[in-house]
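Enquirer:
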Amino acid sequence: MEESERAQCANWKWLDDSMACDPVERELAFIQSMDPDPHTLPKFKSVDDVLDEDLPTEFLRDFRTGLRLVNLHNAVVRKSKRSFGAIEKWHTDFQKPYRCSENLQYWIKAAELRFEVILQVDVMGVVHSTDRAALKEFEDAIWKWCSTVRQEISAEIKS
84 MEESERAQCA
94 NWKWLDDSMA
104 CDPVERELAF
114 IQSMDPDPHT
124 LPKFKSVDDV
134 LDEDLPTEFL
144 RDFRTGLRLV
154 NLHNAVVRKS
164 KRSFGAIEKW
174 HTDFQKPYRC
184 SENLQYWIKA
194 AELRFEVILQ
204 VDVMGVVHST
214 DRAALKEFED
224 AIWKWCSTVR
234 QEISAEIKS
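If you want the numbering used here, it's the 1-based position in the sequence shown plus 83.
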């Protein structure tokens with residue numbers, strides 16, 4: 084590991100196994116450290132903590148296009164010692180809902196192929212934000228992906 088990588092890793096609080104915090108807090112720290120554009124990451128508020136009329140949360144509204152998830156996935160793949168399985172195509176124009184749903188489907192399939200994590204997401208329910216259960220399922224899928232990927236990256240760094 085190069086000196087610059089070591090310095091970067093020293094700031095990653097999610098690497099510390101003794102970190103006594105909420106699991107979501109740890110995954111958010113992981114997202115912030117891997118996100119190519121962390122300054123635009125909306126504040127997280129759980130689906131469980133808001134009324135139906137306040138859904139989707141700002142956090143999920145940002146993630147439902149799939150673009151941030153694609154960028155996160157690709158950033159993690161680049162950092163990994165096993166740098167394969169990047170998502171090679173995605174949409175950036177979200178005027179049509181199918182583009183968001185395809186981005187989410189690309190991320191879900193890439194997660195399965197690269198990180199061997201199966202994510203259950205009602206993609207159209209997320210894109211249209213019509214169903215609290217679909218948004219909660221999406222939120223849970225994000226944390227499941229983060230946990231799986233974070234554990235792999237942690238093991239690589241510590242080895």
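We put the CB at the ideal spot given by N, CA and C, even for glycine.
Measuring CB atoms only, is the stretch 177-190 touching the stretch 133-152, in the sense that at least three cross pairs come out at less than 8 angstroms?
Expert: Because the criterion of three Cβ pairs below 8 angstroms is met, the stretch 177-190 and the stretch 133-152 touch.
Enquirer: Mapping DSSP to helix, strand and coil, what is residue 208?
Expert: Of the three classes helix, strand and coil, the one that applies to residue 208 here is helix, per DSSP.
Enquirer: What does the alpha-carbon distance come out to for the pair residue 236 and residue 129?
Expert: 25 angstroms
Enquirer: What residues in its chain sit with their C-beta under 7 angstroms from that of residue 201, if we drop five residues either side in the sequence?
Expert: 195
Enquirer: Three or more C-beta pairs under 8 angstroms: does that hold for the stretch 216-234 against the stretch 108-121?
Expert: yes
Enquirer: If you drop the 5 nearest sequence neighbours on each side, which residues of the same chain put their C-beta closer than 7 angstroms to that of residue 153?
Expert: 170, 173, 186, 189 and 190
Enquirer: At what residues does the alpha helix (DSSP H) containing residue 270 begin and finish?
Expert: With the chain covering only 84 through 242, there is no way to say anything about residue 270.
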